[in-house]
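For reference, each letter of the sequence shown is one residue, going -40 to -1, 1 to 376 in mature numbering (1 follows the signal peptide of the UniProt record, and there is no 0). Each residue gets a CB set at the ideal place from its N, CA and C atoms; glycine is no exception.
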Amino acid sequence: MTAAERSCGSRRARPPGPLAASIATTAVALLVVAAAPADASPGGATAPSEDPAYAATVKPELDRIVEDLAVTGAAVLVRSPELGDWATTMGTRTWHGTEPVTLADHVRIGSNTKTMTATVVLQLVDEGRIGLDDPVSRYRPDVPNGQNITIAQLLDMTSGLANYTEDLELNEQMDSNPGRVWNPEELLAIGLAEPPAFPPGEGFLYSNTNYVLLGVVIEQLTGVPVEQAFQDRVFDPLELGESSFPARTDASIPQPHPRMYTFGTNVETIDSLVLPPEVQAAARAGTLEPMDVTDANPSWGWTAGAGISTAQDLADYVEELVDGCLLSPQLQQERIASVQPVDPDDPASPGYGLGLAKFGPVYGHSGELPGTNSFMGHDPVRDITVVTWASTAPAPSGEGPAVELAKAVIAELYAG
């Protein structure tokens, strides 16, 4: 089945598919991105006269999170035929500014991009051009022990390959030369030079090296730049007109968008995202000006994290991602079933699989780059979708603000 032969339309216009029942007991899910006027309708229609009941309960908690985590701007979008759709925004597009963020704002979506990279790889599996059990050495002979690392192990983070983004020299360059255009080969050279964390298949390590490797494989098999592959295979079929994957030389973000901020440098946060108590206090008080990292080139994240989208597009995307529009039914079932607890000793821990994650009842992913954090999640059983984003990340206390917003919303939606 080719991308052109897949039938992807508005999932919201049709009843939930049979997949929902089959995955009711399966664990998978993660992140969000959102932005909208406080009384906006997520679907873009006229706002309802009254917010859903859960909105009044959760909104004070969302406001508290934004204040406590020193967030400049944030957005939350919820879709639920059962409980009611709702969206809200908090804060402004600039630090101490007056222009509010909106649901139409574009943000960098970080590791939510991984789900797109994985989807294209899985489409190539559907097309018979690559196999999940293929050794990565078939495509990249330079990968250490690559004959024993499979494509599936790259996708589900069990390859053991080191994470290049923890490299000190890379982080120093990101701080001193934020406009640098990184080549995927440079990133791979860093990650592959480090000793593996464990033998293939014998552990879990969230490593961006896996997904840069997959991006290189996509270009190798399709013969087109990965940004074109994403456009042809994901954005166009789903009519995601506000989503994009920039060329490596492009550090711009489509208008409208908020400015994006962080309080710690890349080097300061290699080992821990938690900043000193005095920095946290000043950030919460609004007296410490954050660093504006909006224009930093995201090529260092490439197919592991350089995508751009809006709250509405992410909601549309995660629904189709989970309900299976982009893959054959058989491979979609395999993708869902692949999600397993990250901590084998804790069945309730977040799950991860073939480029898909899970927190509690929702499947999706989360993403973070310096200056932005996002979450997208969809529960196919109850048809609930949650998307959040924040234009300050990480928080001075180390949390991902959008993830904390999503946790609060999901807890309220599933209360009782």
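(request) Determine the extent of the beta strand (DSSP E) in which methionine 336 is found, giving its start and end residues. (result) The continuous beta strand (DSSP E) containing methionine 336 extends over residues 332 to 339.
(message) Only counting the same chain, and skipping five residues up and downstream in sequence, which positions put a Cβ closer than 7 Å to that of leucine 181?
(response) Residues Leu84, Arg89, Ile90 of the same chain have their beta carbon placed closer than 7 Å to that of leucine 181, with the five preceding and five following residues left out of the count.
(message) Only counting the same chain, and skipping five residues up and downstream in sequence, which positions put a Cβ closer than 6 Å to that of proline 12?
(response) Leu43, Gly44, Trp46.
(request) Classify asparagine 170 as buried or exposed, calling it buried when 16 or more other Cβ atoms lie within 10 Å of its own Cβ. (result) Buried, by the Cβ-count rule.
(message) For a test of the three-state rule: what should DSSP assign to phenylalanine 319, helix, strand or coil?
(response) It is a strand residue.
(request) Figure out for me which residue from Val302, Leu274, Leu316 has the closest Cα to the Cα of glutamate 294. (result) Among Val302, Leu274, Leu316, the Cα nearest to that of glutamate 294 is on Leu316.
(message) Between which residues of its own chain and methionine 134 is the CB-CB distance below 7 Å, once the five residues before and five after are set aside?
(response) Residues Asn226, Trp260 of the same chain have their beta carbon placed closer than 7 Å to that of methionine 134, with the five preceding and five following residues left out of the count.
(message) Let me confirm a value: alanine 350 is counted as buried when at least 16 other C-beta atoms fall within 10 Å, else exposed. Which label applies?
(response) The Cβ neighbour count for alanine 350, taken over all protein chains shown within 10 Å, is at least 16; the residue is labelled buried.
(message) By the three-class DSSP mapping on this structure, what secondary structure does alanine 5 have?
(response) Note on alanine 5: pLDDT 37, under 50, position unreliable in the model; no value is reported.
(request) May I ask you to report which of helix, strand or coil DSSP gives aspartate 65? (result) It is coil, neither helix nor strand.
(message) The alpha helix (DSSP H) that contains valine 80, what's its start and end?
(response) 73 to 86 is the span of the alpha helix (DSSP H), which, as asked, contains valine 80.
(message) Measuring only the C-alpha atoms, how far is arginine 208 from valine 302?
(response) Looking at the two C-alpha atoms, the distance is approximately 31 Å.
(message) Strictly by DSSP, which residues pair up with serine 97?
(response) According to DSSP, which records beta bridges pairwise, serine 97 is partnered with nothing at all.
(message) Given this structure, state the Cα-to-Cα distance separating leucine -11 from methionine 50, to the nearest angstrom.
(response) Confidence at leucine -11 is low in this model, with a pLDDT of 32, below 50, so the placement of that residue should be treated as unreliable; the coordinate-derived value is given next. About 21 Å.
(request) Alpha carbon to alpha carbon, how far is glutamate 328 from alanine 366? Give it in angstroms, no decimals. (result) Separation of alanine 366 and glutamate 328 (C-alpha to C-alpha, rounded to the nearest whole angstrom) is 14 Å.
(request) Would you kindly check if the distance between the Cβ of leucine 37 and the Cβ of glutamate 364 is under 8 Å? (result) At a Cβ-Cβ threshold of 8 Å, glutamate 364 and leucine 37 do not count as neighbours.
(request) Sort Pro354, Ala64, Asp23, Thr62 by Cα distance to tyrosine 221 and report the nearest one. (result) That would be Pro354, whose Cα lies nearest to the Cα of tyrosine 221.
(request) Can you check DSSP and say which residues form a bridge with methionine 50? (result) Partner(s): Ala34.
(message) Given a cut-off of 8 Å on the beta-carbon distance, is the pair glycine 331 and threonine 254 in contact?
(response) The answer is yes: Cβ separation under 8 Å.
(message) I'd like the span of the beta strand (DSSP E) that includes glycine 267, first residue to last.
(response) Taken as a continuous stretch (DSSP letters only), the beta strand (DSSP E) holding glycine 267 covers 267 to 269.
(request) Count the C-beta pairs between the region 111 to 123 and the region 152 to 159 that are closer than 8 Å, then say yes if the count reaches three, no if not. (result) At 8 Å Cβ cutoff, the stretches touch.
(request) Return the chain-ordered list of same chain residues with a C-beta closer than 6 Å to the C-beta of leucine 115, the five sequence neighbours on each side being excluded. (result) Around leucine 115: Ala78, Leu314, Gly315.
(request) Report the residue from Arg342, Leu291, Trp262 whose alpha carbon sits nearest the alpha carbon of glutamate 145. (result) For the set Arg342, Leu291, Trp262, the Cα lying nearest the Cα of glutamate 145 is the one of Trp262.
(request) Report the rounded CA-to-CA distance for glutamate 359 versus proline 250, giving the unit in angstroms. (result) Put simply, the backbone Cα of glutamate 359 is about 16 Å away from that of proline 250.
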